Amino acid sequence: MSNSRSVFDRLFSHETAASTLRKNSKNKSPISIHSNKIPQSNTISKFASKQQGYGARNADNHPIAKKKKDLQLSKSQNSSSKSNESIEKDMINMKPKVSQSYPTSGIKLLISSKYNPEYGYSQLNPHGLGLNSFLYQYEEGNLSSSFVAKEITDALFYRDHMAGKRWDIDPSYLEETKEDNGDNDGIFVATKEATWDHKDIYAVSTAKATIYFFRKEGVIKIDKYSFYTAG
148 MSNSRSVFDR LFSHETAAST LRKNSKNKSP ISIHSNKIPQ SNTISKFASK QQGYGARNAD
208 NHPIAKKKKD LQLSKSQNSS SKSNESIEKD MINMKPKVSQ SYPTSGIKLL ISSKYNPEYG
268 YSQLNPHGLG LNSFLYQYEE GNLSSSFVAK EITDALFYRD HMAGKRWDID PSYLEETKED
328 NGDNDGIFVA TKEATWDHKD IYAVSTAKAT IYFFRKEGVI KIDKYSFYTA G
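Here the numbering used here runs 147 ahead of the position in the sequence shown, where the first position is 1.
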């Protein structure tokens with residue numbers, strides 16, 4: 148009797164254990180052998196996230212990353228230096244081209260203003276106006292005073308004129324006078340005009356002066372120069 152009870156007890160305990168295992172297996176999610184996702188413990192996931200954070204923080208310190216950054220920096224420096232060189236070339240090209248094939252002329256270029264005659268004459272820089280070569284040729288007797296008068300009028304007009312695509316610019320016009328003003332090499336009333344006639348805008352810009360040539364004295368006087376735009 149005792150043997151049969153002990154056998155019964157053993158069977159009952161095995162059955163209880165089996166049922167407990169079945170209940171626990173139902174509560175847990177099964178692992179599929181075809182799935183690529185393997186459940187990780189909290190310890191493993193924390194370690195992985197820690198490693199990812201470390202990699203993100205130290206990505207810039209990686210040798211390959213450093214090499215790429217150095218290459219990008221060198222490329223940007225080269226491109227910036229090239230752009231600076233092109234800018235410098237453009238700036239040089241924008242400067243007025245002055246002929247270097249002639250020595251500096253000894254002729255003084257003097258100008259007075261129609262609007263401020265009380266200030267008298269002031270000296271102009273022929274290099275800044277691109278006139279040195281013409282003055283030197285005139286000084287040497289290779290150019291006429293009328294030719295130089297037109298060049299002077301053009302230079303002053305373009306110095307003061309507002310550039311624009313719609314301007315119709317006329318050639319310089321000279322009217323020679325016989326005014327008695329000492330031993331001169333010619334006196335010219337010089338005028339140059341430009342007209343803007345587009346849509347509802349009409350305007351006229353005018354440069355005007357009387358130019359005296361004194362070759363022996365080495366002086367050219369631009370008397371009562373005026374520039375104005377009306378319209």
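Yeah, the Cβ is synthetic: ideal placement off N, Cα and C, and Gly gets one too.
In this text the structure is predicted, and so the values were computed from the model without any measurement.
Less than 9 angstroms separates the beta-carbon of K368 from that of Y268. Under the three-state reduction of DSSP, L290 is assigned to coil, being neither helix nor strand. Between D315 and T353, the CB-CB gap reaches or exceeds 9 angstroms.
Per the DSSP secondary-structure output, Y372 pairs in a beta bridge with S260. A377 counts as exposed, since fewer than 16 other beta carbons sit within 10 angstroms of its beta carbon.
For the options K339, I258, R362, the alpha carbon positioned closest to that of T300 is the one of K339. The three-state secondary structure of A296, taken from DSSP, is helix.
CA-to-CA, the gap between V336 and D330 works out to about 18 angstroms.
When the five nearest sequence neighbours on each side are left out, the beta carbons in the same chain lying within less than 8 angstroms of the beta carbon of S293 are those of L321, E323, G333, F335, in order along the chain. CA-to-CA, the gap between K346 and E326 works out to about 43 angstroms. About 5 angstroms separates the beta carbons of G365 and I254, which is inside the 8 angstroms limit, making them a contact pair.
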